[in-house]
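Peer 1: The UniProt record's numbering puts the first residue of the sequence shown at 1, with every later residue one more than the last.
Heads up, the beta-carbon is just placed ideally off N, CA and C, and yes, glycines get one too.
Quick caveat: nothing in here was measured; it's all calculated off a predicted structure.
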Amino acid sequence: MKTNIINIGNSYGIILPTVLLKQLKLSKRSTVELTISNGSIIIKPEPRQGWAEAAYSISTTGNDNKHLPNEFEREEWTW
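1) Restricting to runs no shorter than 4 residues, where is the alpha helix (DSSP H) found entirely within the UniProt domain "SpoVT-AbrB" (3-48)?
2) Tell me which residues share the same chain as Leu24 and place their Cβ nearer than 6 Å to its Cβ, disregarding the 5 neighbours each side in the sequence.
3) How long is the line joining the alpha carbons of Ile8 and Glu71, rounded to whole angstroms?
Have a look at this one:
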């Protein structure tokens, strides 16, 4: 697949086809990691993308204390 490098203000950009973004589960504001390897630019999704939203969702639904011992574990369970 070929694409062109374009001017974006004082920088440059590459237009990425939607099909590639969908395969990587990326959207127009996704953060990616760029590396150079053997003369090639490698674009990878940012590790743990979406963790902040998931943590916020857990804290707002009250599911943030499921890892804490419950009454059964404190009083009934024997090790």
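Peer 2: On the basis of the data shown:
1) 18-23
2) Pro45
3) 59 Å
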